[in-house]
Structure formats: C-alpha cells, structure tokens
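Novice: If you count by this note's numbering, then the sequence shown holds residues 1 to 70, one letter each, in order. One structure follows; several queries about it will come next.
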Amino acid sequence: MSDRTCSKVACTEQAVSTLTYVYADSMAVLGPLSTQHEPHSYDLCAKHAGRLSVPQGWSVIRHVPAGGDL
C-alpha cells in the first residue's frame, strides 16, 4: 500500500498509476505506480488515470499489469 496521493490539484485520492511524458516522441506513458516517486513523473489516482487526455497528435501508451486495470 502506498502513501502517495494523486498529483492532480485538490485530489486527495491514493495514487495507483504513474504518468510520464516523452516530449520528443509526443507520447504519454501510463503504467502501474512506480516503486518510488520520480521528480519528472506524475502519480495519478484511478479516476484521473482513466480520464487521461493528451494534446492532439500525441499518443498514449498504457502499460497494464497482468490481470490488472488502469
């Protein structure tokens, strides 16, 4: 169990996913919560991970653990 909360402003839900942007490739990568906080990534709760949107022309890579949901 993690004590990290969602990075979205005013959200106090527990983080379940980590979001990283790869600006050079116009890509957002969303995966399981990283084992430690990374300064250039964002921890998201289930609601915000599920509602993720990116700029037009960008792609989203969702890494889903076996038997899990993101």
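Beta carbons: idealized from backbone N, C-alpha and C, even for Gly. Treat the numbers as computed from the prediction; the structure is a model and nothing was measured.
State buried or exposed for Ala53, treating a residue as buried only when at least 16 other CB atoms are found within 10 Å of its CB.
Specialist: As a first step, residue 53 is located in the sequence shown; it is residue number 53 there, counting from the start. Note that residue 53 is Ser in the sequence shown, not Ala. With fewer than 16 other Cβ atoms within 10 Å, it is exposed.
Novice: Restricting to runs no shorter than 4 residues, where is the alpha helix (DSSP H) found entirely within the segment 15-69?
Specialist: 46-50
Novice: Identify the residues that DSSP records as bridge partners of Thr5: which are they?
Specialist: Start at 1 with the first residue of the sequence shown, and residue 5 comes out as number 5. Note: Thr5 sits in a beta bridge opposite Gln14.
Novice: Evaluate Val16 with the Cβ neighbour count: other Cβ atoms within 10 Å of its Cβ, from every protein chain shown; 16 or more gives buried, anything less gives exposed.
Specialist: The residue labelled residue 16 in the question sits at position 16 within the sequence shown. Answer is buried; the Cβ neighbour count reaches 16.
Novice: Taking the alpha-carbon positions, what's the His40 to Trp58 distance?
Specialist: Start at 1 with the first residue of the sequence shown, and residue 40 comes out as number 40. Start at 1 with the first residue of the sequence shown, and residue 58 comes out as number 58. If I take the Cα positions, the gap works out to 18 Å.
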